[in-house]
Amino acid sequence: MEAEIPKVYSPESIEPRWARGWIEQKLYRPSDNVARPRFCLVIPPPNITGSLHMGHMLEHTEIDIIIRWRRMHGEDVLWLPGTDHAAIATQMIVEQELGREALKDDPKATKSDWRRVGQSERLKMGREKFLERCWKWKEENGGTIRRQMERLGASVDWTRERFTMDPAYVRAVVEVFVRLYEEGLIYRGKYMVNWCPRCGTAVSDLEVIHEDRPGHLWTIRYPCEDGSGYISVATTRPETMLGDTAVAVNPLDERYRAAVGRRVVLPLLGRVLPVIADSFVDPKLGTGAVKVTPAHDPNDFAIGERHNLPRIEVIDEQARMTAEAGPYQGLDRYKAREAVLKDLADQGLLEKTEDYQLSVGTCQRCRTIVEPLLSTQWFMKMRPLSEPAIRVVEEGRIRILPDNYRKVYLDWMGRIYDWCVSRQLWWGHRIPAWHCDACSEVIVARGTPIACPKCKGAALRAETDTLDTWFSSALWPFATLGWPEATADLARFYPNDVMIMGFDILFFWGARMIMMGLKFMHDVPFRELYIHALLRDAERQKMSKTKGNVLDPLEVTEKYGTDAVRFALAISAPPGTDIAFSKDKVESYRAFANKIWNAARFILMNLEKLPEPMREQLASLQPIPGLGVEPVAAPEHLALADRWIYSRLYTVTCQMDEALAGYRFHEAAYTIYHFFWHEFCDWYLEWVKPEITRTPEGNKVPPAWINLTRIFQAALRLLHPFMPFITEELWHRAPRAGPEPSISVTAFRTATERASDPVSEGQFNQVRDLIVAARNAKAEMGLQTEKPSAQVASDDPRTLELFRAHQETILRLAGLRALNFTRERLEAEVAGVRQVNQDTALRLLHEERVDAEAERLRLEREKQRLEQQLGPLEKQLGNDAFLSRAPEDVVRGARQRHAELTQQHRKLLESIERLGPPPA
RNA sequence: GGGCGGUUAGCUCAGUUGGUCAGAGCGUCUGCCUUACAAGCAGAAGGUCAUCCGUUCGAGCCGGAUACCGCCCACCA
1 MEAEIPKVYS PESIEPRWAR GWIEQKLYRP SDNVARPRFC LVIPPPNITG
51 SLHMGHMLEH TEIDIIIRWR RMHGEDVLWL PGTDHAAIAT QMIVEQELGR
101 EALKDDPKAT KSDWRRVGQS ERLKMGREKF LERCWKWKEE NGGTIRRQME
151 RLGASVDWTR ERFTMDPAYV RAVVEVFVRL YEEGLIYRGK YMVNWCPRCG
201 TAVSDLEVIH EDRPGHLWTI RYPCEDGSGY ISVATTRPET MLGDTAVAVN
251 PLDERYRAAV GRRVVLPLLG RVLPVIADSF VDPKLGTGAV KVTPAHDPND
301 FAIGERHNLP RIEVIDEQAR MTAEAGPYQG LDRYKAREAV LKDLADQGLL
351 EKTEDYQLSV GTCQRCRTIV EPLLSTQWFM KMRPLSEPAI RVVEEGRIRI
401 LPDNYRKVYL DWMGRIYDWC VSRQLWWGHR IPAWHCDACS EVIVARGTPI
451 ACPKCKGAAL RAETDTLDTW FSSALWPFAT LGWPEATADL ARFYPNDVMI
501 MGFDILFFWG ARMIMMGLKF MHDVPFRELY IHALLRDAER QKMSKTKGNV
551 LDPLEVTEKY GTDAVRFALA ISAPPGTDIA FSKDKVESYR AFANKIWNAA
601 RFILMNLEKL PEPMREQLAS LQPIPGLGVE PVAAPEHLAL ADRWIYSRLY
651 TVTCQMDEAL AGYRFHEAAY TIYHFFWHEF CDWYLEWVKP EITRTPEGNK
701 VPPAWINLTR IFQAALRLLH PFMPFITEEL WHRAPRAGPE PSISVTAFRT
751 ATERASDPVS EGQFNQVRDL IVAARNAKAE MGLQTEKPSA QVASDDPRTL
801 ELFRAHQETI LRLAGLRALN FTRERLEAEV AGVRQVNQDT ALRLLHEERV
851 DAEAERLRLE REKQRLEQQL GPLEKQLGND AFLSRAPEDV VRGARQRHAE
901 LTQQHRKLLE SIERLGPPPA
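Numbering-wise, the numbering used here puts 175 at position 175 of the first sequence, and it's gapless, one number per residue.
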């Protein structure tokens with residue numbers, strides 16, 4: 001127990017201290033006891049390119065809740081942290097920095113200037129130097145991420161922190177690459193890829209973002225070779241016509257039947273092109289005839305393969321026209337477009353120009369329009385890998401939650417294409433391949449080869465391409481645990497139990513981890529995959545820097561405290577829907593933290609007043625480690641409020657366990673919120689207040705104190721996964737005897753030895769209803785500042801007995817002077833009678849203050865409400881079909897409810913009558 | 001073009017197997033500085049659960065259609 005508890009709840013003085021303490025104590029390292037059940041989750045590694053945003057904070061909060069909850073269930077938990085080198089993103093940022101340095105004297109330089117100049121700076125400084133800069137950048141920024149995670153209270157094992165370019169990790173990447181290559185699952189070749197001219201690299205299909213943009217559809221005439229007319233083709237990209245090697249029509253299209261097999265002349269360049277028939281062509285679109293550019297369109301590439309068409313590359317990697325483009329050589333692709341159109345128009349071959357909405361592929365990183373072109377790249381065959389990955393999800397060996405994402409996953413996996421894994425970037429995993437200068441042999445090997453195995457030549461050039469970031473991330477669940485070595489961690493923690501990630505990386509990462517895990521570990525990487533909601537701002541807009549609607553986690557955390565932010569995130573996160581998030585929400589959960597603080601203050605302040613021996617005794621009575629709270633007494637020896645709160649605690653614990661098992665964070669958070677505030681504080685604490693504030697006589701600890709401290713401890717534990725800091729702080733201040741160094745390693749389930757106690761709950765509710773009814777009556781009669789007496793009537797002697805037994809509590813909590821009890825029905829009275837429940841009525845003895853009209857209004861309202869409920873009930877009970885078909889208990893329930901309501905209704909009518917006729 | 005999600009109180013949203021489910025927080029109104037908490041306490045008002053049709057004894061909850069809003073996928077010249 002520590003010094004007096006501060007009056008004001010100030011998270012900033014609590015949180016950083018515990019954040020450090022937890023790390024120093026290495027609390028979140030799993031033990032070496034392999035016999036203990038384990039639970040493992042590897043972090044979705046944040047990119048080192050940036051500091052963490054609110055989306056990360058949501059993800060980490062959800063993960064940490066699960067992690068802390070499992071740990072408190074006695075499992076040996078590993079949450080493995082780490083970061084991703086984020087090849088393309090990091091390279092861009094570092095280039096941008098280089099550019100900014102180079103342009104530091106130019107105040108007008110924009111970000112895109114920085115990028116452009118930065119790119120040439122990179123080329124100037126060379127690969128080695130540039131990589132040094134990247135590493136330096138990583139050292140600086142990786143630390144930011146770690147500090148932020150610490151501040152969030154993420155209970156990760158920092159001793160196992162990993163980075164996707166750690167030497168050991170690089171070995172794993174090389175091993176995977178080599179094995180896949182040897183099996184023929186990785187191949188190299190010149191195929192159609194998405195090329196980003198700005199980034200100067202190929203990107204995968206997933207990295208292409210389709211955007212709808214207004215554009216044009218141009219119809220161009222290709223004259224027939226024999227001068228007999230022309231064929232019109234439509235295109236949105238006229239500059240690619242320079243690379244046309246055919247015109248295609250649908251074989252069933254009557255209009256063009258005669259044209260197939262004949263030849264047309266490509267305008268501007270005069271190349272002669274065959275007219276071919278291919279069923280890919282949709283007669284309904286455009287003119288029904290298409291120009292075929294096998295080198296610059298994926299469809300045309302496919303057509304070209306089927307018809308053996310030449311591939312003429314007219315656009316280069318800088319998006320400029322090549323020598324093949326003849327007079328247009330050297331022009332930028334869009335300048336070339338203008339020139340082509342102008343020349344076509346001049347020659348009268350431009351038939352039509354229409355406005356057209358088109359969807360263009362842009363680079364995920366820089367939003368430059370990507371150019372499909374032919375390029376020699378490394379590809380991974382997907383089919384052999386995707387099939388098992390589909391099967392494990394279909395068979396339920398991996399559960400994807402919420403369920404609808406399962407279908408999304410299966411749909412996507414069902415039509416997956418080969419993956420272009422090579423990138424023309426410097427920052428990243430270098431592809432372990434060498435090219436023989438002498439014979440052009442490609443050698444893929446784990447280490448640098450000395451000579452070409454084919455021609456024995458020694459002039460070998462290392463491959464300059466690097467791998468897509470996601471290639472290495474795909475290995476994360478096992479490479480972080482030491483693969484390819486057969487480490488103890490790998491044996492113990494693979495497969496991971498769950499993976500929690502955002503939908504945006506389900507295909508990039510989730511699917512690929514499943515494929516790689518199955519391929520190299522012969523088992524799933526994780527048993528459950530929970531897709532968390534996406535965080536949006538208060539207007540449901542995506543949070544983005546450009547929109548300026550981002551909330552900085554550090555800022556919000558500083559202002560309201562991490563616990564409040566965590567709780568706000570958790571309670572706003574039902575599975576499957578996006579979250580509209582705002583500071584207002586955080587504010588109301590800071591109020592909750594404050595409430596917890598004050599409840600603790602109340603308890604601890606009064607505890608101080610107990611004699612020292614009693615406090616020690618109280619501490620030593622505290623929970624048995626691993627077992628939780630031992631029963632203080634048999635239930636029949638407990639007071640009503642204690643029986644009630646123990647019963648509620650039990651139910652709440654079960655509900656939370658159930659909710660968290662289904663990732664229903666909002667439900668679990670709401671459950672404990674309501675329990676702590678509206679049951680524990682509003683009712684239990686108020687109820688036992690006199691016994692807690694009273695100085696005890698004798699030297700035995702009052703039972704009320706034992707129960708209170710236990711319940712409070714239990715509530716803190718249930719709260720801990722959500723609000724780790726405040727609960728840790730209070731747990732250390734409150735009496736406790738366990739050997740645990742932290743609440744985070746105590747047991748979550750402290751109420752298991754009790755059970756739900758419906759009888760006690762029922763009795764408690766009766767008393768509570770009476771108190772509420774009295775408060776209502778007082779408020780409505782304007783007696784809130786006074787202490788009227790009241791009369792309670794009930795048909796049931798046991799009810800009266802119950803009230804009589806708790807008379808003092810009722811008087812105190814309802815603010816009444818005296819109660820008298822009667823078995824008479826309160827019919828003879830004039831007014832102010834209020835029905836508490838079916839067999840209990842209450843009347844304030846304060847008639848002189850009764851406003852007859854206000855009373856009548858209230859009663860009329862009540863009557864209306866009753867009738868609204870009675871109507872449908874009567875209809876239901878008058879329905880033979882309902883009586884015969886509905887389950888018996890439902891019918892019985894309806895009858896009972898009907899009886900109750902009718903009785904209340906009748907009493908109400910009587911009361912209204914007693915008020916006399918309304919004034920004219 | 002295909003698929004998915006949303007439409008419930010002034011605002012933001014809960015509501016897992018159809019029968020006390022019409023809820024919470026914030027906001028609003030009333031009364032309280034009751035010595036844990038005014039970041040609080042005690043009360044109150046407010047919704048034909050988007051619209052229409054269907055299944056059922058019974059539907060925010062299941063099925064279909066419509067209207068808006070949003071997202072994802074896509075080789076639509």
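Every residue gets a Cβ at the ideal spot worked out from N, C-alpha and C, and that includes glycine.
Assuming residue i and residue j are in contact, meaning their beta carbons sit under 8 Å apart, how far apart are those beta carbons, in whole angstroms?
i: Ala734; j: Ala841; result: With 8 Å as the limit, Ala734 and Ala841 do not qualify as a contact, their Cβ atoms being about 42 Å apart.
i: Leu385; j: Met515; result: 4 Å
i: Asn496; j: Val42; result: 6 Å
i: Ile938; j: Phe680; result: Lying outside 1 to 920, the shown extent of the chain, residue 938 is not represented and no answer is given.
i: His666; j: Ser572; result: 7 Å
i: Met656; j: Ala668; result: 5 Å
i: Val524; j: Val392; result: 5 Å
i: Cys199; j: Arg365; result: 6 Å
Nearest-angstrom Cα distance between residue i and residue j?
i: Lys519; j: Lys111; result: 42 Å
i: Glu616; j: Gly482; result: 48 Å
i: Tyr230; j: Ile220; result: 10 Å
i: Thr822; j: Leu908; result: 19 Å
i: Leu718; j: Ile672; result: 7 Å
i: Asn820; j: Ala714; result: 38 Å
i: Glu140; j: Tyr28; result: 25 Å
i: Gly126; j: Trp427; result: 12 Å
i: Gln876; j: Arg865; result: 18 Å
i: Ile912; j: Ala774; result: 19 Å
i: Ala755; j: Ser51; result: 47 Å
i: Trp476; j: Arg446; result: 20 Å
i: Met321; j: Asp332; result: 6 Å
i: Glu59; j: Asp113; result: 34 Å
i: Tyr9; j: Trp597; result: 6 Å
i: Leu730; j: Ile66; result: 21 Å
i: Tyr417; j: Trp195; result: 17 Å
Buried or exposed: which applies to residue i, given that a residue is buried once 16 or more other Cβ atoms fall within 10 Å of its Cβ?
i: Glu95; result: buried
i: Gly82; result: buried
i: His56; result: buried
i: Ala486; result: exposed
i: Asp300; result: buried
i: Val890; result: exposed
i: His210; result: exposed
i: Ala154; result: buried
i: Arg590; result: buried
i: Ser13; result: exposed
i: Arg17; result: exposed
i: Phe280; result: exposed
i: Ala356; result: First, the residue type needs correcting, since residue 356 is Tyr and not Ala in the sequence shown. Classification of Tyr356: exposed, given that the 10 Å Cβ count is below 16.
Apart from the five residues just before and just after residue i, which ones in its own chain have a Cβ nearer than 6 Å to its Cβ?
i: Lys454; result: Cys439, Glu441
i: Thr293; result: Thr240, Gly243, Asp244, Asp300
i: Leu85; result: Here residue 85 is His; the residue named in the question, Leu, does not match the sequence. Excluding residues within five positions, the ones whose Cβ falls inside 6 Å are Thr164, Met165.
Checklist entry - Taking the runs of the beta strand (DSSP E) that are 3 residues or longer, which of them lie wholly in the region 686-735? => result none
Checklist entry - What residue ranges within the region 57-108 form continuous alpha helix (DSSP H) runs of no fewer than 4 residues, ordered along the chain? => result 87-102
Next on the checklist: Going residue by residue through the region 502-536, where are the continuous beta strand (DSSP E) segments of at least 3 residues, counting only ones entirely within it?
Outcome noted: 526-532
Next on the checklist: I'd like the ranges of any beta strand (DSSP E) spanning at least 3 consecutive residues and lying wholly in the region 783-842.
Outcome noted: 789-794, 819-822, 833-837
Checklist entry - Can you list the alpha helix (DSSP H) stretches of 4 or more residues lying completely in the region 145-221, in chain order? => result 167-182
Checklist entry - At what residue ranges does the region 241-329 contain a whole run of the alpha helix (DSSP H), taking only runs of 4 or more? => result 298-307
Next on the checklist: Runs of 4 residues minimum, wholly inside the region 356-436: which ones carry the alpha helix (DSSP H) assignment?
Outcome noted: 383-394, 404-414
Item to check | Uninterrupted beta strand (DSSP E) stretches inside the region 753-779 (no shorter than 3 residues) | outcome: none
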